[in-house]
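Heads up: the structure comes next, in structure tokens.
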Amino acid sequence: MAEDEIHIRTLATFDTKFPADTVEWCPVEPYRNLLTCGTYELNKNEPNTKSTYRQGQILLLRITNGGELELLQQVCTSAILDMKWLHVIDIVETRILLAVVDSMGYLQIYQLKNDGKRIEFITKLKVNNEENVMALSLDWSRRNSPASDPIINTNILVSDSAGQISRFTWGEAGDLTKDFTWPAHKFHAWIVAFDYCNPLIFYSGGDDNRFLCFDSRTGSHPVVENKKYIAGVTSIHSKKFLLATGSYDQNVRLWDKRNFARPISTICLDGGVWRLKWDPFTHQYLLAACMHNGFKIINHDVLSSVVVNYKEHKGLSYGCDWSFLKQSDVSNLSISNGDTLMSTCSYEDCLLKVSVIDFWPDKRIDEKDY
Numbered sequence: 000m001a002e003d004e005i006h007i008r009t010l011a012t013f014d015t016k017f018p019a020d021t022v023e024w025c026p027v028e029p030y031r032n033l034l035t036c037g038t039y040e041l042n043k044n045e046p047n048t049k050s051t052y053r054q055g056q057i058l059l060l061r062i063t064n065g066g067e068l069e070l071l072q073q074v075c076t077s078a079i080l081d082m083k084w085l086h087v088i089d090i091v092e093t094r095i096l097l098a099v100v101d102s103m104g105y106l107q108i109y110q111l112k113n114d115g116k117r118i119e120f121i122t123k124l125k126v127n128n129e130e131n132v133m134a135l136s137l138d139w140s141r142r143n144s145p146a147s148d149p150i151i152n153t154n155i156l157v158s159d160s161a162g163q164i165s166r167f168t169w170g171e172a173g174d175l176t177k178d179f180t181w182p183a184h185k186f187h188a189w190i191v192a193f194d195y196c197n198p199l200i201f202y203s204g205g206d207d208n209r210f211l212c213f214d215s216r217t218g219s220h221p222v223v224e225n226k227k228y229i230a231g232v233t234s235i236h237s238k239k240f241l242l243a244t245g246s247y248d249q250n251v252r253l254w255d256k257r258n259f260a261r262p263i264s265t266i267c268l269d270g271g272v273w274r275l276k277w278d279p280f281t282h283q284y285l286l287a288a289c290m291h292n293g294f295k296i297i298n299h300d301v302l303s304s305v306v307v308n309y310k311e312h313k314g315l316s317y318g319c320d321w322s323f324l325k326q327s328d329v330s331n332l333s334i335s336n337g338d339t340l341m342s343t344c345s346y347e348d349c350l351l352k353v354s355v356i357d358f359w360p361d362k363r364i365d366e367k368d369y
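For the sequence shown, numbering that gives the first Met the number 0 gives the first residue as 0, with consecutive numbering after it.
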């Protein structure tokens with residue numbers, strides 16, 4: 000598919016007030032019209048202090064008729080670095096949870112209330128007992144479960160600025176416990192991600208230019224250690240047979256998970272690749288936040304070609320996600336000339352945008368597990 004065959008149009012722009020660095024759409028029916036955005040701002044009123052305070056907000060928004068954004072709730076907290084949704088079931092009730100990691104080094108858990116208009120704080124745990132350690136990224140172990148099917152027990156991985164990886168369990172009793180903390184990287188561990196086909200396997204990337212693979216059954220020593228990167232590894236996202244990694248070296252690499260000796264393809268995006276997301280419907284398209292070079296969509300099925308360049312932001316491109324709304328849902332919102340929604344957010348200009356993409360003007364491929 001050539002680049003000029005794919006049309007993208009900005010529907011809504013929202014001022015986040017603070018710099019925005021992460022955005023996530025809710026994957027669970029009937030709340031797929033909801034999204035959260037996390038913000039991060041250094042406190043400039045405390046110069047020359049030993050520890051700088053970082054403040055942030057969790058914004059809960061809803062996409063409405065015509066593609067407008069409505070702010071439902073604003074939660075003030077420490078600066079947010081990453082967040083992920085999940086549908087779980089425990090002995091108390093069926094819940095839709097939002098996990099958040101922050102600059103104070105906590106893993107926070109929120110619950111979406113039944114009216115779909117607010118999230119409620121449940122609990123939090125410190126990721127690392129050392130001072131001034133930030134929690135940088137997180138991932139749920141069971142994100143490939145159908146969004147309509149709640150799960151009973153699940154794990155959460157968190158990476159931190161001390162280079163460590165911690166695993167937590169959300170249990171059947173609705174409680175959060177820490178399982179272990181392992182040393183992984185010499186510097187910031189920017190990213191940690193589960194293999195969604197095998198939650199015993201997980202991957203990490205760090206500022207020490209290393210990409211690691213762990214098997215939780217064999218202990219803290221990585222089973223794969225790739226030292227061939229010339230810059231920090233910043234983003235990882237897996238699908239059934241492939242793994243995508245991004246780096247400050249501006250390249251996206253696709254790996255066959257059975258052989259990490261060399262990537263099966265490499266594409267330069269001319270910007271540090273901060274975040275990667277496979278599309279939830281076909282797993283064919285890869286959305287990338289490219290820091291100084293906007294947002295791009297790669298078509299993996301056409302020699303990993305860039306098919307969309309989205310440069311409507313003026314700040315650092317940090318946060319991006321695909322909506323889980325189907326084509327019929329998009330149409331019911333009176334949004335024309337498109338079948339898929341995506342969201343993007345940027346740092347300096349403090350903006351969140353929602354856009355509509357026309358991938359398949361004649362048909363829609365059935366949704367798969369995400």
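Virtual Cβ for every residue (Gly too), placed ideally from N, Cα, C.
Note that the coordinates shown come from a computational prediction; the quantities given were computed from them, not determined experimentally.
Would you report the Cα separation of residue i and residue j, rounded to the nearest angstrom?
i: K112; j: D14; result: 25 Å
i: G173; j: F167; result: 13 Å
i: K276; j: V91; result: 32 Å
i: W321; j: N298; result: 15 Å
i: I7; j: S335; result: 11 Å
i: L350; j: D207; result: 31 Å
i: S140; j: L33; result: 22 Å
i: F358; j: N128; result: 47 Å
i: E366; j: K256; result: Its pLDDT being 44, under 50, E366 is placed unreliably by the model, and nothing is read from it.
i: R274; j: C319; result: 7 Å
i: I364; j: S237; result: For I364, the pLDDT reaches just 42, beneath the cut-off of 50, and the residue's location in the model is therefore unreliable, leaving the point undetermined.
i: I296; j: S304; result: 8 Å
i: Q54; j: L80; result: 11 Å
i: P18; j: E347; result: 6 Å
i: E311; j: Y317; result: 13 Å
i: I229; j: V307; result: 27 Å
i: H86; j: G231; result: 32 Å
i: N197; j: S203; result: 15 Å
i: V353; j: I108; result: 25 Å
i: R61; j: E67; result: 8 Å
i: G314; j: D269; result: 15 Å
i: A188; j: V126; result: 13 Å
i: K177; j: A98; result: 14 Å
i: S333; j: Q326; result: 11 Å
i: A192; j: T233; result: 11 Å
i: F294; j: M341; result: 11 Å
i: Q56; j: T217; result: 38 Å
i: C344; j: A78; result: 15 Å
i: Y247; j: T180; result: 26 Å
i: D159; j: L211; result: 15 Å
Pick out whichever of the options has its Cα sitting closest to the Cα of residue i.
i: N64; options: A98, T339, L10; result: L10
i: K185; options: Q163, F193, C196; result: Q163
i: R94; options: G115, Y105, V100, D81; result: G115
i: S136; options: S330, C289, G271, T21; result: T21
i: L59; options: E67, G66, V74, Y52; result: V74
i: W169; options: A183, C196, D138, H187; result: D138
i: D338; options: C344, F210, S330; result: S330
i: S102; options: E130, P29, N225; result: E130
i: L106; options: V87, S215, I88, K83; result: K83
i: W165; options: I121, E171, F213; result: The sequence given here has Ser at residue 165, not Trp. Checked all of I121, E171, F213; the closest Cα to S165 is F213.
i: N154; options: N225, R117, L124, L199; result: L199
i: N224; options: L124, G218, R209, S215; result: For the sequence presented, residue 224 should be read as Glu rather than Asn. If we check each option's Cα against that of E224, R209 comes out closest.
i: F240; options: D248, G271, H282, F323; result: H282
i: A243; options: D194, T180, V100, V126; result: D194
i: W254; options: A188, T265, W181; result: T265
i: I190; options: L175, I151, E171, M133; result: M133
i: L324; options: C25, R117, S219, Q72; result: C25
i: P182; options: G205, E171, L175; result: G205
Could you check whether the Cβ of residue i sits closer than 7 Å to any heavy atom belonging to the ligand COA?
i: P26; result: Of the ligands one can find in the structure shown there are none, so the ligand COA has no counterpart to examine.
From the DSSP output, which residues share a beta bridge with residue i?
i: P221; result: For P221, which the question treats as bridged, DSSP gives no partner whatsoever.
i: F201; result: F193, F213
i: I356; result: I7, T339
i: E40; result: Q54
i: F259; result: DSSP lists no partner for F259.
i: A373; result: Residue 373 lies beyond the residue range present for the chain, which begins at 0 and ends at 369; the question has no answer from this structure.
i: L350; result: D14, S345
i: D138; result: L156
i: T125; result: For clarity, residue 125 is Lys in the given sequence; the question names Thr instead. DSSP, once it has assigned bridges, lists Y105 as partnering K125.
i: I229; result: Answer by DSSP bridge pairing: none, since I229 is not bridged.
Legend entry - Every unbroken alpha helix (DSSP H) within the stretch 293-344, with a cutoff of 4 residues, ordered by chain: 326-331
Legend entry - Every unbroken beta strand (DSSP E) inside the stretch 57-122 [3 residues or more]: 68-77, 79-88, 93-101, 105-111
Inset, instruction - Enumerate, from N- to C-terminal direction, the unbroken beta strand (DSSP E) stretches of 3 or more residues contained entirely within the stretch 156-182. - result: 163-169, 175-182
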